[in-house]
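Visitor: Each protein sequence line maps, in turn, to chains A and B. Letter by letter, the first sequence follows residues 64 to 250 in our numbering. Letter by letter, the second sequence follows residues 5 to 440 in our numbering. Below: one structure in structure tokens.
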Amino acid sequence: MTPDRKRIYGYLAEFESAAALYQAAARVRDAGFKHWDCYSAYPIHGLDGAMGIKRSILPRLVFVGGLTGFVTAFVLSYATQVVIYPTVVQAKPANLFTIPAFFPIMFELTVLFAGLTVLFGLLALIRLPRLNHPLFESRQFQRVTDDGFFIAIEALDPSFDTQETHTLLAEIGGANIELVEEEDDDG
Amino acid sequence: MARHHVTSADLAIHGDHLDSTGVSTVKSIAMGVALVGTVASLYLLFFAPEMIRGCFAYSWLFAFYYFLSLSIGGCFWTLLHNVTNAGWGTSVRRTFENLGSTYPWIYLFALPLLCPEVQQYLYEWMNIQRAATGRVEEFLQSHSSLLYHKYGFLNLPFWYGRVIFWGLALSLVIIGLRKLSVAQDTDPHPGTARLFQARFHSTYTLILFALTVTFTGFDFLLGLDYKWFSTMWGVYLFGGSALNAMAVIILTCAWLQSRGHLKHVTSDEHFHIMGKLLLAFTIFWAYIAFSQYFLIWYAGITEETSYFLIRNTGHWNTAMIVLVFGHFAVPFVFLLQAWLKRNPRSLSILAGYTLCMHVFDHYLITIPERGISLGNIKPDVFGGIQVSIPGAFWGDILAFVTIGAAFLFFLLRALGQHSLYPNRDPRILESANLSN
């Protein structure tokens with residue numbers, strides 16, 4: 064392993080305000096970039112629209128997760144309370160019409176499975192947890208959790224060009240434009 | 005995606021007033037229908053043969069409470085918007101207030117229910133107390149132990165006092181709040197004073213609202229069967245009321261928008277939020293409705309189960325099962341989808357559907373009691389206790405159309421009175437540029 068080898072991660076540019084970040088994001092989106100992101104200390108309303116981000120598939124996963132919980136709970140309570148060991152309480156029937164007694168369980172498992180799908184689905188989609196991120200190489204990026212607004216365009220993007228991307232970022236109001244390099248561990 | 009940023013230059017300086025072309029015709033037709041219907045209903049309530057009078061009393065109660073629940077919901081959303089210091093809905097708040105402002109008028113349709121001639125078919129407990137000789141309390145002690153123990157609440161003077169109080173109190177609240185809101189529209193120096201006033205006065209009046217929605221439900225509907233108990237009753241009615249008031253608000257806003265009103269200030273974002281509230285209250289209604297059923301079903305106490313026994317006998321059973329799926333399962337799955345809530349047209353279809361289910365819900369609250377109570381009160385006239393009285397539903401339709409036409413008239417009238425959105429509210433731009 065040669066510690067001196069570096070790989071270009073991409074450009075990082077700072078913007079002075081949330082509004083400036085919002086405007087700049089729309090320009091980057093229109094330039095056709097795919098591998099890029101905005102960074103801010105707090106959520107900015109409408110930024111996903113300005114970035115052209117499509118709706119996440121997470122809601123669909125959660126629906127499936129919830130449905131799984133719903134069906135699991137029904138099968139579990141029906142199988143145990145009706146099929147395997149019919150439990151007669153206060154002369155209530157032990158058949159499909161016992162279903163009100165299963166509702167709390169069905170509700171709880173629906174919520175539980177949906178909730179777990181939210182958590183793990185989200186973590187999977189945003190690829191967390193991870194130990195490091197190339198942008199942590201940048202000193203100025205530390206301010207992102209305080210008062211910094213950044214856009215980073217990755218070198219991975221087909222439209223990335225060392226000259227043109229720099230020009231674009233400067234044009235749309237980016238300051239302190241920095242080429243972020245990460246250490247290449249694969250080497 | 006980037007929308008035009010709305011500035012004060014986009015707002016109607018002198019307010020956005022309802023374009024009356026076409027509306028005035030609908031309004032006069034609605035008024036005509038309401039007047040003719042009311043006259044016909046009064047005849048049916050007081051002068052028709054007893055068989056019809058008895059049946060129609062239930063029709064009237066059903067139709068009255070249905071539309072009252074929509075008006076009460078209008079008051080609720082106004083109060084909630086004020087008290088939560090909300091900014092999102094400022095551009096549709098006037099619609100909340102307009103819907104709420106129908107409350108005093110709709111409440112007037114309770115007047116026949118204050119007459120003993122009508123009450124005798126509805127409220128058995130009143131009959132027993134009216135028939136009492138000597139001191140009512142002593143009479144009850146020896147005749148009906150349950151009514152004796154409930155006498156502190158179920159007695160005629162208190163009942164009349166309450167019913168009048170609910171009518172007056174919430175009317176004053178909504179009239180006051182609407183006045184405050186409208187006064188801002190023409191103020192040459194609009195400030196934040198009225199906003200804070202509305203917020204302050206919405207706090208304690210929200211308690212008044214809660215009492216009104218709970219106890220109008222107790223006094224008019226729960227009293228149909230004085231033997232029945234349900235601690236979920238008030239909140240159950242509230243769930244349906246808030247849900248369907250939101251449905252009316254969505255329909256009204258979509259209609260206004262399609263006529264070119266609420267321009268620049270109402271967007272898909274507002275419909276998205278209102279759709280979310282519709283979803284939330286669909287779930288809430290189901291949660292409460294199920295909880296009520298569940299507790300009663302589980303405990304299996306005779307006095308409590310009567311409500312569901314009546315509604316699960318004969319064809320009412322089918323209706324109750326349809327209610328579970330139609331009022332909850334179907335709209336729930338549809339409303340989960342975001343695109344559907346963002347589109348005023350598709351959301352309106354769902355709102356209309358919800359209102360139909362609300363008719364169904366209230367029909368099942370009031371009407372199954374008819375065959376039982378009437379047969380119990382006067383078996384010689386109404387032919388004993390039966391599941392339902394044949395032919396009585398024509399009266400239900402008449403009463404519903406009558407009060408419905410009146411509701412439509414008063415809503416359109418309210419919409420035409422003032423600007424359709426609070427154009428000088430300090431939060432109007434915040435609301436217009438809403439993003440969620």
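The beta-carbon is built from N, C-alpha and C at its ideal position, and this holds for glycine as well.
Could you give the first and the last residue of the continuous alpha helix (DSSP H) run that contains Lys154/B?
Guide: Premise fails: Lys154/B is in no alpha helix (DSSP H) and is neither H nor E.
Visitor: Specify whether the region 105-125 of chain B and the region 51-70 of chain B touch according to this definition: at least 3 beta carbon pairs, one from each stretch, less than 8 Å apart.
Guide: Because the criterion of three Cβ pairs below 8 Å is met, the region 105-125 of chain B and the region 51-70 of chain B touch.
Visitor: Using beta carbons (cut-off 8 Å, strictly below), is His229/A in contact with chain B?
Guide: Not closer than 8 Å to any Cβ of chain B, the Cβ of His229/A fails to qualify, so no.
Visitor: How would you write the range of the beta strand (DSSP E) that Asn102/B sits in, first residue to last?
Guide: Here Asn102/B belongs to no beta strand (DSSP E); instead the alpha helix (DSSP H) covers Thr94 to Gly104.
Visitor: Can you find a C-beta in chain B that's less than 8 Å from the C-beta of Gln203/A?
Guide: Answer no: the Cβ-Cβ gap between Gln203/A and chain B never drops below 8 Å.
Visitor: Just list the residues that DSSP pairs Tyr74/A with in beta bridges.
Guide: Answer is Ile216/A and Leu242/A, bridged to Tyr74/A.
Visitor: Could you check where the alpha helix (DSSP H) with Asp189/B kicks off and where it finishes?
Guide: Note, Asp189/B: alpha helix (DSSP H), Leu160 to Asp189.
Visitor: Could you tell me whether the region 324-331 of chain B touches the region 269-279 of chain B, where touching means 3 or more Cβ pairs closer than 8 Å?
Guide: They do not touch, by the three-pair rule.
Visitor: Count the other CB atoms, across all protein chains shown, that sit within 10 Å of the CB of Phe386/B; report buried if there are 16 or more and exposed otherwise.
Guide: Buried, since its Cβ has 16 or more Cβ neighbours within 10 Å.
Visitor: Can you check whether the C-beta of Phe144/A is within less than 8 Å of a C-beta belonging to chain B?
Guide: It is Gln, not Phe, that sits at residue 144/A in the sequence shown. Output row for Gln144/A: interface = no.
Visitor: Excluding the 5 residues preceding and the 5 following Lys97/A in the sequence, name in chain order all residues of the same chain whose CB lies nearer than 7 Å to its CB.
Guide: Once the five neighbours on either side are set aside, the close Cβ partners of Lys97/A are Asp220.
Visitor: Quick check on His196/A - is its C-beta less than 8 Å from some C-beta in chain B?
Guide: Not one chain B Cβ lies under 8 Å of His196/A.
Visitor: Between which two residues does the beta strand (DSSP E) carrying Tyr297/B extend?
Guide: It is not in any beta strand (DSSP E) - Tyr297/B instead sits in the alpha helix (DSSP H) that spans Asp272 to Ala303.
Visitor: With a cut-off of 8 Å on the beta carbons, I'd call Tyr105/A and Glu244/A a contact; round off their distance for me.
Guide: In fact, because the Cβ distance is near 28 Å, the residues do not count as touching under 8 Å.
Visitor: By a C-beta neighbour count over all protein chains shown, 10 Å radius and 16 as the cutoff for buried, is Leu181/B buried or exposed?
Guide: Under this definition Leu181/B is a buried residue.
Visitor: Determine the chain B residues that contact Pro163/A at a beta-carbon separation under 9 Å, and present them in chain order.
Guide: Within chain B, the residues near Pro163/A are Phe294, Tyr297, Phe298, Trp301 and Tyr302.
Visitor: Look up Asp100/A in the DSSP assignment and say whether it is helix, strand or coil.
Guide: The answer is strand: DSSP assigns Asp100/A an E or B state.
Visitor: Closer than 9 Å, Cβ to any Cβ of chain B: which residues of the region 152-179 of chain A, in chain order?
Guide: Cβ contacts with chain B come from Val152, Gln153, Ala154, Lys155, Pro163, Ala164, Phe166, Pro167 and Phe170.
Visitor: Could you run through the region 98-109 of chain A and flag, in chain order, every residue whose CB is less than 7 Å away from some CB of chain B?
Guide: Within the region 98-109 of chain A, the qualifying residues are His108 and Gly109.
Visitor: Write down the C-beta distance between Tyr69/B and His366/B rounded to the nearest angstrom, noting that I regard them as a contact closer than 8 Å.
Guide: With 8 Å as the limit, Tyr69/B and His366/B qualify as a contact, their Cβ atoms being about 6 Å apart.
Visitor: On the three-state DSSP scale, how would you describe Lys31/B?
Guide: If DSSP states are grouped into helix, strand and coil, Lys31/B belongs with the helices.
Visitor: Around the C-beta of His9/B, are 16 or more other C-beta atoms found within 10 angstroms, so that it is buried, or is it exposed?
Guide: His9/B is exposed by the Cβ-count criterion.
Visitor: Tell me whether Lys69/A sits in a helix, a strand or coil according to DSSP, three-state version.
Guide: In this structure, Lys69/A counts as strand in the three-state DSSP scheme.
Visitor: Exposed or buried, what is Ala6/B when buried is set at 16 or more other beta-carbons lying within 10 Å of its beta-carbon?
Guide: Model confidence at Ala6/B stands at a pLDDT of 45, short of 50, so the residue's coordinates are unreliable; what they give is reported in the following sentence. It is exposed - the Cβ of Ala6/B has fewer than 16 other Cβ atoms within 10 Å.
Visitor: Nearest to Val186/B by CA position, among Arg428/B, Ser439/B and Ala436/B, is which residue?
Guide: Nearest option by C-alpha distance: Arg428/B.
Visitor: Excluding sequence positions up to five away, which residues of its chain have a Cβ less than 6 Å from the Cβ of Phe242/B?
Guide: For Phe242/B, where only same-chain residues beyond five positions count, the Cβ hits under 6 Å are Val217.
Visitor: Which residues mark the beginning and the end of the alpha helix (DSSP H) in which Leu511/B is found?
Guide: Residue 511/B falls outside the range modelled here, since chain B spans only 5 to 440, and no answer is possible.
Visitor: Are the C-beta of Met5/B and some C-beta of chain A separated by less than 8 Å?
Guide: Any reading at Met5/B needs caution, since the residue's pLDDT is 38, under 50, leaving its predicted position unreliable; the model's value is listed next. Yes - at least one Cβ of chain A is within 8 Å of the one on Met5/B.
Visitor: Leaving out the 5 sequence neighbours to the left and right, which residues in its chain are closer than 6 Å to Glu373/B when beta-carbon positions are compared?
Guide: Answer for Glu373/B: Leu228, listed in chain order.
Visitor: With a threshold of 8 Å on Cβ separation, who are the neighbours of Ser2/B within its own chain once the five nearest residues in sequence on each side are excluded?
Guide: As displayed, chain B neither begins before 5 nor continues past 440, which places residue 2/B out of reach and without an answer.
Visitor: Identify which residue in Met130/B, Gly165/B, Phe162/B and Tyr164/B has its Cα closest to the Cα of Ser148/B.
Guide: Selected option, being the one with the closest Cα: Met130/B.
Visitor: State the Cα-Cα distance for the pair Ser271/B and Leu103/B, rounded to the nearest angstrom.
Guide: So the alpha carbons of these two residues sit roughly 20 Å apart.
Visitor: What number of angstroms, rounded off, separates the C-alpha of Leu15/B from the C-alpha of Ser140/A?
Guide: Each residue's Cα considered, the two are about 58 Å apart.
Visitor: Give me the Cα-Cα distance between Leu299/B and Glu171/A, rounded to the nearest whole angstrom.
Guide: Spanning the two alpha carbons is a distance of roughly 17 Å.
Visitor: Could you check what DSSP says for Trp232/B in three-state terms: helix, strand or coil?
Guide: If DSSP states are grouped into helix, strand and coil, Trp232/B belongs with coil.
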